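In this note's numbering, the protein residues as written are 209 to 352.
Each residue gets a CB set at the ideal place from its N, CA and C atoms; glycine is no exception.
Here the structure is a predicted model, which is why all the values come from computation and not from measurement.
Structure, as structure tokens:
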Amino acid sequence: MEHGINQVSLLGHLGADPELKLSADGQAILKLRLATTSKWVDKNNVKQEKTEWHRVAVFGRLAEALAKFLRKGMGVYVNGRLSYSSYEKDGQKRYSTDVIAEDVVVTTPKGYVPATSRSDFGDYGARPSAPNGASAAVATEIPF
209 MEHGINQVSL LGHLGADPEL KLSADGQAIL KLRLATTSKW VDKNNVKQEK
259 TEWHRVAVFG RLAEALAKFL RKGMGVYVNG RLSYSSYEKD GQKRYSTDVI
309 AEDVVVTTPK GYVPATSRSD FGDYGARPSA PNGASAAVAT EIPF
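Here is the structure:
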């Protein structure tokens, strides 16, 4: 029996502050609006770009954790699956495509300015301490 793969990976920036809601059974649902931008040079050597908007839903404990610090403009990497649904609004059938996130990783936020107090974002963006007393510069070097 063959099985299919439904997997999507997105890297972009949040276009709005996330919305945290609770389902009827009390499960946390975090709604994200994620922008991804493609850039290219057309046949006339003119730079072009196109931004796509994605609806992302995060569930459970991950949703609760991310809701505490995600904000508009922050960069995120999302790995998940596509979900299609339909609903009726004003007597018309409408369709929706959403990404159900399984993993969300915060990347460098767009226009990130360090918080005046780490308590604003916890340890987000903090440089890791150097292991075994090594200097921070040595600890962050890549060996290849």
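- Around the beta-carbon of Gly288, 16 or more other beta-carbon atoms lie within 10 Å, marking it buried.
- Look at Glu210 here: in three-state DSSP terms it is coil, with no helix or strand label.
- Under a 10 Å Cβ-count criterion, Gly268 is classified as exposed, with fewer than 16 other Cβ atoms of the shown protein chains found around its own Cβ.
- The residue from Lys247, Leu240 and Ala271 with its alpha-carbon nearest to that of Asp225 is Leu240.
- For the pair of segments examined, the region 246-253 was found not to touch the region 275-288: the number of CB pairs separated by less than 8 Å stays below three.
- At a Cβ-Cβ threshold of 8 Å, Val314 and Val284 count as neighbours.
- Here Leu278 carries a coil assignment [DSSP, helix/strand/coil].
- The residue among Gly281, Lys301 and Leu219 with its C-alpha nearest the C-alpha of Ser246 is Leu219.
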